[in-house]
Amino acid sequence: MKIETLEPELDGEGLRVGIVQARFNDAFCTVLRDAAVAELERLGVDESDVLLVTVPGALEIPLALQKLAETGQFDALIALGAVIRGETYHFELVSNESGAGITRIGLDFGIPIANAVLTTENDAQAEVRAAEKGRDAARVAVEMANLLESVDQFFGDDDALEENEEEEDR
């Protein structure tokens with residue numbers, strides 16, 4: 002038996018990427034952003050194909066992602082933020098709601114979103130994780146954008162897919 006395999010592709014040339022960065026816990030978010038942007042550049046994404054928008058905090062990230070996704074101008078999006086546990090339930094609320102919102106936008110719009118919203122117990126954990134998580138987000142965004150394109154090419158164009166779905170519905 003021969004199984005078709007779509008291999009990971011990390012070539013970012015020609016991809017358009019939107020980044021939404023929270024400003025709360027800005028020191029960590031800046032490290033996330035700088036690492037993500039540097040990795041996008043290393044992967045071949047032209048800086049003119051990257052749009053960065055900032056929002057007050059992690060709870061505002063999904064709405065900004067939705068607005069970018071609605072434009073249809075991006076191959077992938079990246080969410081950057083840092084939620085650090087305090088002494089109240091607020092940490093769980095912000096972590097859960099921002100994560101759920103980010104996932105929902107990706108599924109609703111069929112666009113890859115690399116979620117690099119750190120959720121840590123303390124500043125030290127955020128400091129250790131920020132740079133690598135930023136780089137990882139860039140790699141995820143590029144790989145998933147290429148994967149979706151590969152799936153479309155494997156099965157034909159979008160119009161053909163829609164026609165097949167309509168025939169199945171009949």
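Residues in the sequence shown are numbered consecutively from 2, following this note's numbering. Where a beta carbon is used, it is the ideal one built from N, C-alpha and C, also for glycine. Note that the structure is a prediction, hence the values are computed from the model and not measured.
Please report how far the alpha carbon of residue i lies from the alpha carbon of residue j, in whole angstroms.
| i | j | result |
| --- | --- | --- |
| alanine 117 | alanine 101 | 13 Å |
| leucine 69 | glycine 19 | 7 Å |
| threonine 120 | methionine 2 | 43 Å |
| aspartate 124 | glycine 111 | 34 Å |
| asparagine 147 | proline 9 | 8 Å |
| asparagine 26 | glutamate 40 | 22 Å |
| glutamate 88 | leucine 94 | 13 Å |
| threonine 72 | proline 63 | 15 Å |
| glutamate 23 | threonine 55 | For the sequence presented, residue 23 should be read as alanine rather than glutamate. Cα to Cα, alanine 23 sits roughly 6 Å from threonine 55. |
| aspartate 47 | leucine 11 | 14 Å |
Between which residues of its own chain and residue i is the CB-CB distance below 7 Å, once the five residues before and five after are set aside?
| i | result |
| --- | --- |
| glutamate 122 | Arg86 |
| leucine 66 | Val21, Leu78, Ala80, Ile103, Ile106, Ile114 |
| valine 51 | Val18, Ile20, Val38, Leu41 |
| glutamine 74 | Arg17 |
Check for me: the alpha helix (DSSP H) holding residue i runs from which residue to which?
| i | result |
| --- | --- |
| asparagine 97 | 91-110 |
| threonine 31 | 27-43 |
| glycine 135 | 124-156 |
| threonine 72 | 62-72 |
Is any heavy atom of the ligand MG found at a distance shorter than 8 Å from the C-beta of residue i?
| i | result |
| --- | --- |
| serine 151 | With respect to the ligand MG, the structure shown offers nothing to examine, as it has no ligands at all. |
In the DSSP assignment, the beta strand (DSSP E) including residue i goes from what residue to what residue?
| i | result |
| --- | --- |
| leucine 52 | 51-56 |
| glycine 19 | 18-23 |
| threonine 121 | 114-121 |
Cutting at 6 Å between CB atoms, please list the residues of its own chain near residue i, excluding the five before and the five after it.
| i | result |
| --- | --- |
| alanine 138 | Ala37, Ile79, Ala115, Ala117 |
Once you ignore the five residues that flank residue i on each side, which residues in its own chain have a CB closer than 8 Å to its CB?
| i | result |
| --- | --- |
| glutamate 150 | Asp76 |
| phenylalanine 155 | Glu5, Leu7 |
For residue i versus residue j, is the C-beta distance shorter than 9 Å?
| i | j | result |
| --- | --- | --- |
| glycine 13 | leucine 33 | no |
| glutamate 98 | phenylalanine 29 | no |
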